[in-house]
Amino acid sequence: MPAHRTQVGIIGAGPAGLLLGHLLHTRGIDSVILERHGRAHVVERVRAGVLEQGTVDLLRDLGLGARLAREGMRHAGLFLSFGGERHHVDMAELTGGRAITIYGQNEVVKDLIDARIATGRPLAFEVADVEIGGIETTRPSIHYRQAGRAETLACDFVAGCDGFHGVSRASLPAGAVRVYERTYPFGWLGILAEAAPSCAELVYARHDRGFALFSMRSPAITRLYLQCAPDEDLADWSDDRIWSELAARFACRDGWTPAAGPILQKGVTPMRSFVVDPMAHGRLYLAGDAAHIVPPTGAKGLNLAVADVWRLADALARFYRDGSTTELDTYSERGLRRAWRAQRFSWWMTSALHKAETENPFDALRQHAELDYLVSSRAALTSFAESYVGAPLS
Ligand code: RFL
Ligand code: PHB
1388 MPAHRTQVGI
1398 IGAGPAGLLL
1408 GHLLHTRGID
1418 SVILERHGRA
1428 HVVERVRAGV
1438 LEQGTVDLLR
1448 DLGLGARLAR
1458 EGMRHAGLFL
1468 SFGGERHHVD
1478 MAELTGGRAI
1488 TIYGQNEVVK
1498 DLIDARIATG
1508 RPLAFEVADV
1518 EIGGIETTRP
1528 SIHYRQAGRA
1538 ETLACDFVAG
1548 CDGFHGVSRA
1558 SLPAGAVRVY
1568 ERTYPFGWLG
1578 ILAEAAPSCA
1588 ELVYARHDRG
1598 FALFSMRSPA
1608 ITRLYLQCAP
1618 DEDLADWSDD
1628 RIWSELAARF
1638 ACRDGWTPAA
1648 GPILQKGVTP
1658 MRSFVVDPMA
1668 HGRLYLAGDA
1678 AHIVPPTGAK
1688 GLNLAVADVW
1698 RLADALARFY
1708 RDGSTTELDT
1718 YSERGLRRAW
1728 RAQRFSWWMT
1738 SALHKAETEN
1748 PFDALRQHAE
1758 LDYLVSSRAA
1768 LTSFAESYVG
1778 APLS
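Count the sequence shown with this note's numbering and you get residues 1388 to 1781, in order.
The structure is reproduced here in structure tokens:
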């Protein structure tokens, strides 16, 4: 059985794993990244679109922001639509100039893969049967198969960056962690359409028919979401039905509506809040969706993954510099603090904007009052904008 050795074995080539590999590289630390899927699949997966200011600043400071600066769309504000009115929220003005940038997660992943390949450090796609051993020792290892051959990677540390359905979290000994979870009785039907965005900023809409979100990927591509059942059957959604439902949910007195065009892709995502505590055990450290999931309404998932690996890379660098585990020992505690803040905000946005889980008319009016208060109070708007653009990396 061929054996290899590295300092940090990274499972998963999503944003968390790839960025961690790069951050370690800049500190002279060796890593091997193992990914279950092929490169094309990883690059083509359409997911997040909103990068917080701190994420954009980090990618730029790492020299990875050239295409992001050219093609990313900086948004200083957004719209909240409810009760037939669209309200503009000037996030930059409320936060001393902070903003979000629209740049597809798959574009971030593409840039990170190119950067990884340029470093010459290992990145293996299509690895199967990944198993982690020895996490309670100082010599953990990763066993896997590549092109049918059994391989073993000996490491100092293992970083579990393999998302919600990966093997890393499942490798923690039963009883060592506690899980906090909430599922929602709805999902999002997301589409990508070949249509020039008809609004320059995002529109989050609360409507009695359900939530809708208008976003974009480029000056030619619109991204839209509709609240639906978690197990919604896409076969029930013709293109015509999707456009008329979107028009109904975004209907407002200023007459704005999303421009329609050929639908390039459709998908349904269930919604969940999930946290594992602690985010580490022995020499295994979890980062990103492997450790926590937020409903996408607050646009926090990818940004939390970035904050995790930024912290983890620093803690590992400290260990290799002077043998201190001080920062590794507090990695989980610091990560959970940020993760719970994101959970709070994502839950709040989800419950304020989605059709209530009960059909009780009280909830509909309470939601309306919540949003009405938000847009009429500068204090409430400042709090909202501060959470939405995200805290600086910490
Ligand atoms: P990922 O991206 O899931 O990557 C994990 C990688 O690990 C691989 N893997 C394995 N590899 C080897 N062996 C195994 N056994 C493995 N098991 C899994 C997988 O193939 C994959 O390549 O996790 P990561 O890196 O933690 O990144 C997290 C983000 O992907 C996620 O939080 C965001 O996409 C969430 N999200 C959003 N986040 C934002 O910050 N802003 C947004 O606007 C936003 N919108 C969204 C979203 C997620 C969505 N969906 C589809 C869940 C919109 C949607 C619709
Ligand atoms: C997206 O553009 O895909 C997007 C934007 C905002 C969200 C979630 C997803 O809250």
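All C-beta atoms in this analysis are idealised placements derived from N, C-alpha and C, irrespective of residue type, glycine included.
>> By the three-class DSSP mapping on this structure, what secondary structure does S1468 have?
In response: Collapsing the DSSP output to three states places S1468 in a strand.
> Expressed to the nearest angstrom, what Euclidean distance is found between the alpha-carbon atoms of M1388 and Q1533?
Replying inline: Summary for M1388: the model assigns pLDDT 47, below 50, so the residue's position carries little reliability; its value from the coordinates is reported in the next sentence. The straight-line gap from Cα to Cα measures roughly 12 Å.
> Can you give the Cα-Cα distance for Y1672 and A1756, rounded to whole angstroms?
Replying inline: Distance between Y1672 and A1756, taken at the CA atoms: about 42 Å.
>> Closer than 7 Å to a non-hydrogen atom of the ligand PHB - does that hold for the CB of V1590?
In response: No, since every heavy atom of the ligand PHB falls outside the 7 Å radius drawn around the Cβ of V1590.
>> With a threshold of 7 Å on Cβ separation, who are the neighbours of A1702 within its own chain once the five nearest residues in sequence on each side are excluded?
In response: Excluding residues within five positions, the ones whose Cβ falls inside 7 Å are E1714, L1715 and Y1718.
>> Under DSSP, the alpha helix (DSSP H) around P1748 begins and ends at which residues?
In response: Note, P1748: alpha helix (DSSP H), P1748 to S1763.
> Looking at A1692 and the ligand PHB, is the gap between the Cβ and the nearest heavy atom below 7 Å?
Replying inline: Taken from the Cβ of A1692, every heavy atom of the ligand PHB lies 7 Å or farther away.
>> For T1525 and R1670, what's the separation of their Cα atoms in angstroms?
In response: For the pair T1525 and R1670, the Cα-to-Cα distance works out to about 7 Å.
> Nearest-angstrom Cα distance between D1747 and D1595?
Replying inline: Going by the sequence as given, residue 1747 is Asn instead of Asp. So the two alpha carbons sit approximately 12 Å from each other.
>> Our contact map puts G1675 next to P1509 with C-beta atoms below 8 Å; I'd like the distance itself, whole angstroms only.
In response: Contact between G1675 and P1509 does not hold, since the beta-carbon distance rounds to 20 Å and is not under 8 Å.
> What residue from I1500, G1464 and G1654 has the CA that sits closest to G1574's CA?
Replying inline: Comparing Cα positions, the closest option is G1654.
> W1575 by DSSP, collapsed to three states: which one?
Replying inline: Three-state DSSP puts W1575 in a strand.
>> For a test of your reading of the model: does the CB of Q1533 fall under 7 Å from any non-hydrogen atom of the ligand RFL? Yes or no.
In response: False, no ligand heavy atom lies under 7 Å from that Cβ.
> Of all the options E1439, I1578 and I1529, which has the alpha carbon lying nearest to the alpha carbon of I1650?
Replying inline: I1578 is the residue among E1439, I1578 and I1529 whose C-alpha sits nearest the C-alpha of I1650.
>> Using DSSP's beta-bridge definition, name the partner residues of K1653.
In response: Answer by DSSP bridge pairing, in chain order: I1578.
> In terms of residues, what are the limits of the alpha helix (DSSP H) holding H1409?
Replying inline: Per DSSP, H1409 belongs to the alpha helix (DSSP H) from P1402 to T1413.
>> Strictly by DSSP, which residues pair up with H1679?
In response: Answer by DSSP bridge pairing, in chain order: V1662.
>> Just verifying my parser: in three-state terms, what is the DSSP assignment at T1442?
In response: Looking at T1442 - three-state DSSP - the assignment turns out to be helix.
> So, T1482 versus A1772, is the Cβ gap smaller than 8 Å?
Replying inline: In contact: T1482 and A1772 (Cβ atoms closer than 8 Å).
> What's the gap between the Cα of L1465 and the Cα of G1408?
Replying inline: Using only the alpha carbons, I get a separation of about 33 Å.
>> Am I right that A1726 and V1662 are in contact with their C-beta atoms under 8 Å? What's the rounded C-beta distance?
In response: Contact between A1726 and V1662 holds, since their C-beta atoms are separated by about 6 Å, short of 8 Å.
> Which one of E1518, E1494, A1729 and E1480 has the shortest CA to CA distance from A1541?
Replying inline: Nearest in C-alpha terms to A1541, of all of E1518, E1494, A1729 and E1480, is E1518.
> Does the Cβ of Y1760 have 16 or more other Cβ atoms within 10 Å, making it buried, or fewer, making it exposed?
Replying inline: Under the 10 Å beta carbon count, Y1760 is surrounded by fewer than 16 other beta carbons and is classified as exposed.
> Using the beta-carbon count (16 or more within 10 Å), is Q1652 buried or exposed?
Replying inline: Per the 10 Å Cβ criterion, exposed.
> Does the region 1445-1460 come close enough to the region 1486-1502 to have 3 or more Cβ pairs within less than 8 Å?
Replying inline: The region 1445-1460, when compared against the region 1486-1502, does touch it at the 8 Å Cβ threshold.
> Residues bridged to Q1533 by DSSP?
Replying inline: Paired residues: V1514 and R1536.
>> Is H1391 close to the ligand RFL? I mean its beta-carbon at under 7 Å from any heavy atom of the ligand.
In response: Because no heavy atom of the ligand RFL lies under 7 Å away, the Cβ of H1391 does not count as near it: no.
>> With distance defined between alpha-carbon atoms, name the residue in Q1614, P1584, Y1591 and A1692 nearest to L1608.
In response: The identity of residue 1608 in the sequence shown is Ile, whereas the question assumes Leu. Among Q1614, P1584, Y1591 and A1692, the Cα nearest to that of I1608 is on P1584.
>> Using 8 Å as the cut-off, can you tell me whether the region 1682-1698 makes contact with the region 1727-1744, which would need three or more C-beta pairs spanning the two stretches below that distance?
In response: With the cut-off at 8 Å, the region 1682-1698 and the region 1727-1744 touch.
> What separation, rounded to the nearest whole angstrom, lies between the Cα atoms of R1604 and F1749?
Replying inline: Spanning the two alpha carbons is a distance of roughly 37 Å.
>> For the ligand PHB, I want to know if T1684 counts as a neighbour, meaning its beta carbon is within less than 7 Å of at least one of the ligand's heavy atoms.
In response: Because some heavy atom of the ligand PHB lies under 7 Å away, the Cβ of T1684 counts as near it: yes.
>> For Y1490 and L1780, I'd like the C-alpha separation in whole angstroms.
In response: Each residue's Cα considered, the two are about 19 Å apart.
> When you compare each of A1511, R1432, R1640 and V1437 to S1418 by their alpha carbons, which one comes out closest?
Replying inline: When only C-alpha atoms are compared, the closest one is A1511.
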